[in-house]
Amino acid sequence: MVEGSQNIDALLTEDRRFPPPPAFQEQANVNDPGVYEEAAKDPEGFWARFAEELHWFKKWDKVLEWDPPYAKWFQGGKINVSYNCLDRHVATARKNKAALIWEGEPGDRQVYTYWDLYREVCKFANALKGLGLKKGDRVTIYLPMVPELPIAMLACARLGAPHSVVFGGFSSESLRDRINDSEAKILITADGGFRRGRVVPLKENADEAVKGAPTTEKVIVVRRTGTADDQMNPDTDVWWHDLMEGQSQVCPAEPLDSEDILYLLYTSGTTGKPKGIVHTTAGYLLGTYATTKWIFDLKEDDVYWCTADIGWVTGHSYIVYGPLSNGATSIMYEGTPDYPDRDRFWSIVEKYGVTVFYTAPTAIRTFMRWGTEYPAKHDLGSLRLLGSVGEPINPEAWMWYWEHVGRSNCPVVDTWWQTETGMILISPLPGLTTLKPGSATRPFPGIDAEVVDEGGNAVDLGQGGYLVLKKPWPAMLRNIYGDPERFVQQYWSRYPGIYFTADGCKRDDEGYFWLLGRVDDVINVSAHRISTMEVESALVDHTAVAEAASIGRTDDVKGQAVVAFVTLKEEVPASEELMVELKQHVAGKIGSIARPDDIYFTAELPKTRSGKIMRRLLRDVAEGRALGDTTTLADPAVVEALKERYDEDEA
Ligand code: WT7
426 MVEGSQNIDA LLTEDRRFPP PPAFQEQANV NDPGVYEEAA KDPEGFWARF AEELHWFKKW
486 DKVLEWDPPY AKWFQGGKIN VSYNCLDRHV ATARKNKAAL IWEGEPGDRQ VYTYWDLYRE
546 VCKFANALKG LGLKKGDRVT IYLPMVPELP IAMLACARLG APHSVVFGGF SSESLRDRIN
606 DSEAKILITA DGGFRRGRVV PLKENADEAV KGAPTTEKVI VVRRTGTADD QMNPDTDVWW
666 HDLMEGQSQV CPAEPLDSED ILYLLYTSGT TGKPKGIVHT TAGYLLGTYA TTKWIFDLKE
726 DDVYWCTADI GWVTGHSYIV YGPLSNGATS IMYEGTPDYP DRDRFWSIVE KYGVTVFYTA
786 PTAIRTFMRW GTEYPAKHDL GSLRLLGSVG EPINPEAWMW YWEHVGRSNC PVVDTWWQTE
846 TGMILISPLP GLTTLKPGSA TRPFPGIDAE VVDEGGNAVD LGQGGYLVLK KPWPAMLRNI
906 YGDPERFVQQ YWSRYPGIYF TADGCKRDDE GYFWLLGRVD DVINVSAHRI STMEVESALV
966 DHTAVAEAAS IGRTDDVKGQ AVVAFVTLKE EVPASEELMV ELKQHVAGKI GSIARPDDIY
1026 FTAELPKTRS GKIMRRLLRD VAEGRALGDT TTLADPAVVE ALKERYDEDE A
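In case it helps, the numbering used here puts the sequence shown at residues 426 to 1076.
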């Protein structure tokens, strides 16, 4: 049986159906069911036709070169992502259309038209050039959700300098490791960012990180909170606003090769060391452009809001590159949904007339818990389409979203994808697909997804297995930065030539895909990825800890919560204070998202005879489930003791 499939029976009985509302269907960007068959017959032709909608300095010679696991898309083509997101629109009537509407947590606001954004990006690209940045040099960006973040990304893209955005919630140590792995020359940060009314001290973290990151030549600092005016290092640090002064507003976009690197984005895998996922230029742009256009059904007058942080792939693809390449108006919000009150999101929807809204199930479950009065306080009548991403959406959350946010007439697109896939791969097309609450429905046209058993055979409809991708797709990762062996081993070795997603999945009798969660040692906390190994290395780094194991415990709001089992060194007594200290230690090493909800002290950890920690068993213990077969344990009594202890704690 595939792990993570405990919900399978509940899913089998879901029989609610939501066909596209006729009025929606009629106006949809795609409403011809023939697109699936057409794309399946000739995927390369399908992608090539879509690619014609982009701007090319020079057209490609070959659509796809597939030498598994290495794909090259649109070889021979010359293209620039920044040009496609800006110059192309500035040359049309869109020039004065709002590209970004930004709202800060304290309530401040800035609107950038396409022309404004173009000018800011050109100026910043010139500033980077002035600092000696060359095509191919890496730039680390550690910023809160401020307009300078997409501006910096687009400036890097303009020059062909790969960016590596590090989520502002990560610790200095996580930042340092990422700078070092990519050997970035420039770090862009801010003094701080606003979060739930408080200041996140980014500059402090950045300073700490840079101490151990010798490749960093310059640190560019955005002044956001006014909290680091006395922390500027005259040798390395320069204010963003000083740097921008007097820069030319013209900076021609570099014609790049289709396969030049656009960015690196670090994500957690099954080992302690995050991997730098490599995305390249033309295919990534095409994938995000096409999926945004068809799945979010964007029209000229839409107001689109994806609530993710740009520090994650969702923000890269569906706040920045997808919407801007489509010439859309994209909303960007700096803070949390409960500041100053729990209706902040709905007040933003109402204020800007948001039409397409994209968020994560964990947020929806939080809103459910807060109660319907918060969305009910606002006029959400502008909304016409809703999206979900990051983790499986349970049917209850789906229905709540449909009723209380979508007023029972907005299609809900549940979109499955990964940092590695770059673009949404499994999702409804809102003008075509009959929705089932909790199912991401079917692969996007041109995508060849399958659910297979251990031996790689497609499972029968009605069965579960592992989700795999059998054909390359334009926005797929090209490599793990600096670690091609891990790239092959991680994704392409279980079924040679076939991409292994590490997700469990079930097909229903109509062939719909129902995602069931990760089957590897990745924990999905509030739609963010953390590896059990990362948490464990952080714990054993503490002087009191001898050994540690961590797991994801099913959580009603977060999807999964981090729970750790810790064996202390002989002379160290367990205590409440130590538990608090260990939780803080993990948060300090990785970032607050990795902070364990619970830590259990135990004399021993359950292991197989070969010494492998039995995480599945720990999950059973943490979730209070009856213990199954424990005969492969070296000492079954360990788990019994753990379980008793756990039951006591719960009582
Ligand atoms: C993992 C990827 C890609 C956007 C954000 C997360 C899970 C993502 C869904 C969905 C069920 C989902 C998978 C996947 N996931 N979207 N709609 N239904 N599961 O990106 O951090 O790379 O995580 O998120 O387990 O493997 P990520």
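For every residue, glycine included, the Cβ atom is placed at its ideal position computed from N, Cα and C.
Quantities reported herein were computed from a predicted structural model and do not represent experimental measurements.
Exercise. Can we count Glu-875 as close to ligand 1, meaning its CB is less than 7 Å from some heavy atom?
Worked result: Working through the sequence shown from its first residue, we reach residue 875 at position 450. Checking the Cβ of Glu-875 against ligand 1 gives no.
Exercise. When you compare each of Ser-1017, Thr-780, Gly-942 and Ala-963 to Arg-832 by their alpha carbons, which one comes out closest?
Worked result: Translated into the one-based positions of the sequence shown, residue 832 becomes position 407. Checked all of Ser-1017, Thr-780, Gly-942 and Ala-963; the closest Cα to Arg-832 is Thr-780.
Problem set entry | Beta-carbon contacts of Ala-707 that lie in its chain and below 7 Å, excluding the five residues immediately before and after | As a first step, residue 707 must be located in the sequence shown, where it is residue number 282. These residues qualify, in order along the chain: Trp-498, Phe-499, Gly-502, Ile-504 and Ser-683.
For this session: Run the proximity test for Leu-940: is its beta-carbon closer than 7 Å to any non-hydrogen atom belonging to ligand 1?
Result: Within the sequence shown, numbered from 1, the residue matching residue 940 stands at position 515. Yes.
Exercise. Where do the ends of the beta strand (DSSP E) carrying Cys-510 lie?
Worked result: As a position in the sequence shown, residue 510 is number 85, starting the count at 1. Per DSSP, Cys-510 belongs to no beta strand (DSSP E); it is in the alpha helix (DSSP H), 506 to 510.
Exercise. Which partner residues of Gly-515 appear in the DSSP bridge assignment?
Worked result: Here the question's residue 515 lines up with position 90 in the sequence shown. For the record, residue 515 in the displayed sequence is Val; it is not Gly. None, per the DSSP bridge assignment.
For this session: Along the beta strand (DSSP E) that carries Asn-949, what are the first and last residues, could you check?
Result: The residue you call residue 949 lines up with position 524 of the sequence shown. It spans 947 to 950 - the beta strand (DSSP E) in which Asn-949 sits, taken as one unbroken run.
For this session: Can you have a look at Asp-602 and say buried or exposed, based on whether 16 or more other CB atoms are within 10 angstroms of its CB?
Result: Sequence index remark: in the sequence shown, residue 602 carries index 177 (1-based). Buried: at least 16 other Cβ atoms inside 10 Å.
For this session: Name the residue from Glu-530, Ala-999 and Gln-888 whose alpha carbon lies nearest to the alpha carbon of Asp-763.
Result: The residue labelled residue 763 in the question sits at position 338 within the sequence shown. Checked all of Glu-530, Ala-999 and Gln-888; the closest Cα to Asp-763 is Glu-530.
Exercise. Sorted by chain position, which residues of the same chain lie with C-beta nearer than 7 Å to Trp-485's C-beta, five sequence neighbours on each side aside?
Worked result: Position 60 of the sequence shown holds residue 485. The residues are Phe-499, Gln-500, Gly-501, Gly-502 and Ser-683.
For this session: For Ile-1038, name the three-state secondary structure that DSSP assigns.
Result: In the sequence shown, residue 1038 corresponds to position 613, counting from 1. Ile-1038 falls in the strand class under three-state DSSP.
For this session: Please confirm whether any heavy atom of ligand 1 lies closer than 7 Å to the CB of Glu-439.
Result: Within the sequence shown, the letter at position 14 stands for residue 439. Every heavy atom of ligand 1 is 7 Å or more from the Cβ of Glu-439, so no.
Exercise. Where does Gln-376 fall in DSSP's three states?
Worked result: Not covered by the structure: residue 376. The range shown for the chain is 426 to 1076.
Exercise. Cβ of Trp-841 versus every heavy atom of ligand 1: is any distance shorter than 7 Å?
Worked result: Against the sequence shown, residue 841 aligns to sequence position 416. Correct: Trp-841 has its Cβ closer than 7 Å to ligand 1.
Exercise. Going by other Cβ atoms of all chains shown within 10 Å of its Cβ, with 16 needed for buried, is Gly-429 buried or exposed?
Worked result: Here residue 429 refers to the residue found at position 4 when the sequence shown is read from its first residue. Here the model assigns Gly-429 a pLDDT of 45, short of 50, so the residue's position is not dependable, and the following value carries that caveat. By the neighbour-count rule (16 or more Cβ atoms within 10 Å), Gly-429 is buried.
Problem set entry | Cα-Cα separation between Thr-1125 and Phe-721, rounded to whole angstroms | The chain is shown only over 426 to 1076; residue 1125 falls outside these bounds and no answer can be derived.
Problem set entry | Assumed close pair Tyr-691, Lys-700 - CB separation to whole angstroms, cut-off 8 Å | Along the sequence shown, read from residue 1 onward, the residue named residue 691 stands at position 266. Along the sequence shown, read from residue 1 onward, the residue named residue 700 stands at position 275. That pair is a contact at about 7 Å.
Problem set entry | First and last residue of the uninterrupted alpha helix (DSSP H) at Gly-552 | The residue you call residue 552 lines up with position 127 of the sequence shown. Checking the displayed sequence, the identity of residue 552 turns out to be Ala instead of Gly. Its alpha helix (DSSP H) spans residues 539 to 555.
Exercise. What's the gap between the Cα of Asp-1060 and the Cα of Thr-1027?
Worked result: Taking the sequence shown and counting its residues from 1, the one referred to as residue 1060 is at position 635. Taking the sequence shown and counting its residues from 1, the one referred to as residue 1027 is at position 602. When rounded, the distance between both Cα atoms is 14 Å.
Exercise. Cβ atoms of Asp-878 and Gly-392: under 8 Å apart, would you say?
Worked result: This structure cannot speak to residue 392, because the chain is shown only from 426 to 1076.
Problem set entry | Which listed residue (Leu-1007, Lys-1032 and Leu-1030) has its alpha carbon closest to that of Asp-1022 | Residue numbering aside, residue 1022 sits at position 597 when the sequence shown is read from its first letter. For the residues Leu-1007, Lys-1032 and Leu-1030, the minimum Cα distance to Asp-1022 belongs to Leu-1007.
For this session: Would you kindly check if the distance between the Cβ of Asp-766 and the Cβ of Met-570 is under 8 Å?
Result: In the sequence shown, residue 570 corresponds to position 145, counting from 1. In the sequence shown, residue 766 corresponds to position 341, counting from 1. No, they are not a contact pair.
For this session: With DSSP as the reference, label Asn-882 as helix, strand or coil.
Result: By 1-based counting over the sequence shown, the position of residue 882 is 457. Note: Asn-882 maps to coil in three-state DSSP.
Exercise. Is Val-816 near ligand 1, with its Cβ less than 7 Å from a heavy atom?
Worked result: Looking up residue 816 in the sequence shown gives position 391. Before going on, a small fix: residue 816 reads as Glu here, not Val. Yes, ligand 1 has a heavy atom inside 7 Å of this Cβ.
For this session: Give the DSSP-derived three-state secondary structure of Thr-840 in the structure shown.
Result: Within the sequence shown, numbered from 1, the residue matching residue 840 stands at position 415. In the structure shown, Thr-840 falls within a strand segment according to DSSP collapsed to helix, strand and coil.
Problem set entry | For Asn-658 and Pro-1078, the rounded distance between their alpha carbons | The structure shown has nothing for residue 1078, since the chain only spans 426 to 1076.
Problem set entry | Ala-473 - DSSP class collapsed to helix/strand/coil | Numbered from 1 along the sequence shown, position 48 holds the residue referred to as residue 473. Note: Ala-473 maps to helix in three-state DSSP.
Problem set entry | Cα-Cα separation between Glu-573 and Thr-791, rounded to whole angstroms | For the purposes of this step, residue 573 is identified with residue 148 of the sequence shown, where counting begins at 1. For the purposes of this step, residue 791 is identified with residue 366 of the sequence shown, where counting begins at 1. Roughly 29 Å separates the two Cα atoms.
For this session: Scan the stretch 670 to 733 and note each continuous alpha helix (DSSP H) run of 4 residues or more that stays entirely inside, going in chain order.
Result: 707 to 720
For this session: Starting from Glu-910, trace the alpha helix (DSSP H) both ways and give me its first and last residue.
Result: Stepping through the sequence shown from its first residue, residue 910 is reached at position 485. Annotation for Glu-910: the continuous alpha helix (DSSP H) segment containing it runs 909 to 912.
For this session: Provide the residue(s) that pair with Gly-942 in DSSP beta bridges, ordered along the chain.
Result: On the sequence shown, position 517 is the one that residue 942 refers to. Answer is Gly-929.
Problem set entry | Among Cys-547, Lys-895 and Trp-825, nearest to Ser-673 - alpha-carbon criterion | On the sequence shown, residue 673 is found 248 positions in, with the first residue counted as 1. Minimum Cα distance to Ser-673 is reached at Cys-547.
For this session: My understanding is that Tyr-783 touches Gly-812, with C-beta atoms under 8 Å, so please give their C-beta distance in whole angstroms.
Result: Taking the sequence shown and counting its residues from 1, one reaches residue 783 at position 358. Taking the sequence shown and counting its residues from 1, one reaches residue 812 at position 387. Sure, about 4 Å apart at Cβ, within 8 Å.
Exercise. Looking only at C-alpha atoms, which of Val-1011, Ser-807, Leu-723 and Leu-902 sits nearest to Gln-452?
Worked result: Residue mapping note: residue 452 aligns to position 27 of the sequence shown, counting from 1. Considering only alpha carbons, the answer is Leu-723.
Exercise. Can you name the residues that DSSP bridges to Ala-973?
Worked result: As a first step, residue 973 must be located in the sequence shown, where it is residue number 548. Ala-973 is bridged to Val-991.
Problem set entry | Check whether Leu-1030 and Pro-899 have beta carbons under 8 Å apart | Counting from 1 along the sequence shown, the entry for residue 1030 is found at position 605. Counting from 1 along the sequence shown, the entry for residue 899 is found at position 474. No, the pair does not count as a contact, with Cβ atoms beyond the cut-off.
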